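K.L.:
Residue numbers (this note's numbering): 747 to 899. Ideal Cβ placement from N, Cα and C applies to all residues, glycine included. Fair warning: this is a prediction, and the values are worked out from it, not measured in the lab. Got a structure for you, questions after.
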């Protein structure tokens with residue numbers, strides 16, 4: 747397992763590159779010198795908590811992910827704030843899946859909770875997603891009969 751210093755250095759290099767920013771632009775955005783950013787990216791020093799918070803805001807990632815996310819260990823790059831990749835699940839014979847524990851814990855899902863299954867068949871974005879039914883109804887409630895007339899399930 748890498749140290750927080752190594753994680754921060756790697757994450758800063760990746761995030762800056764992903765957004766196409768220079769060290770100078772990052773430094774200017776959070777009010778530090780370019781040399782400070784260079785040292786953080788090399789792992790020679792660590793940003794203080796206020797600068798970590800500013801960096802997390804700049805790159806739209808969580809403070810915890812900025813400090814702890816290990817792309818090598820996780821197998822995926824650092825995600826945007828409030829976005830999660832919980833892993834891969836296998837479809838059972840009858841179409842059942844088991845949600846990873848981290849997903850169940852993050853969303854406080856309990857046996858018997860109702861989830862809406864959503865799908866996208868566009869070949870470029872094909873996929874299935876789950877959403878808590880209460881959230882779905884709150885977002886679509888009045889529109890549902892218009893979008894799906896006669897559909898009760």
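Using 8 Å as the threshold, is the segment 816–826 in touch with the segment 774–782, meaning 3 or more CB pairs across them?
P.N.:
no
K.L.:
Does DSSP put residue 855 in a helix, in a strand, or in coil?
P.N.:
By 1-based counting over the chain shown, the position of residue 855 is 109. The answer is coil: DSSP assigns residue 855 none of H, G, I, E or B.
K.L.:
When the Cβ atoms of the segment 850–861 are set against those of the segment 869–886, are three or more pairs found closer than 8 Å?
P.N.:
Segment contact: the segment 850–861 against the segment 869–886, three or more CB-CB distances shorter than 8 Å; contact assigned.
K.L.:
From the DSSP secondary-structure annotation, give me the bridge partner or partners of residue 876.
P.N.:
Sequence index remark: in the chain shown, residue 876 carries index 130 (1-based). In DSSP, residue 876 forms a bridge with 863.
K.L.:
Count the other CB atoms within 10 Å of the CB of residue 985; is the residue buried (16 or more) or exposed (fewer)?
P.N.:
Since the first residue of the chain shown is 747 and the last is 899, residue 985 is not available in this structure.
K.L.:
Check residue 804 in the structure and name its three-state DSSP category.
P.N.:
Numbered from its first residue, the chain shown carries residue 804 at position 58. It is helical.
K.L.:
Can you say whether residue 887 is buried or exposed, counting buried as having 16 or more other CB atoms within 10 angstroms of its CB?
P.N.:
Within the chain shown, the letter at position 141 stands for residue 887. Exposed, by the Cβ-count rule.
K.L.:
Would the beta-carbon of residue 831 be found less than 6 Å away from any heavy atom of the ligand GDP?
P.N.:
The ligand GDP is absent from the structure shown, which contains no ligand whatsoever.
K.L.:
Using DSSP with H/G/I as helix, E/B as strand and the rest coil, what is residue 795?
P.N.:
In the chain shown, counting from the first residue as 1, residue 795 sits at position 49. Here residue 795 sits in helix by DSSP.
K.L.:
What residue range does the alpha helix (DSSP H) around residue 839 cover?
P.N.:
Taking the first residue of the chain shown as 1, we reach residue 839 at position 93. Careful: residue 839 lies outside any alpha helix (DSSP H) and carries neither H nor E.
K.L.:
Is the separation between the beta-carbon of residue 787 and that of residue 759 shorter than 7 Å?
P.N.:
As a working mapping, residue 787 is identified with position 41 in the chain shown. As a working mapping, residue 759 is identified with position 13 in the chain shown. Yes.
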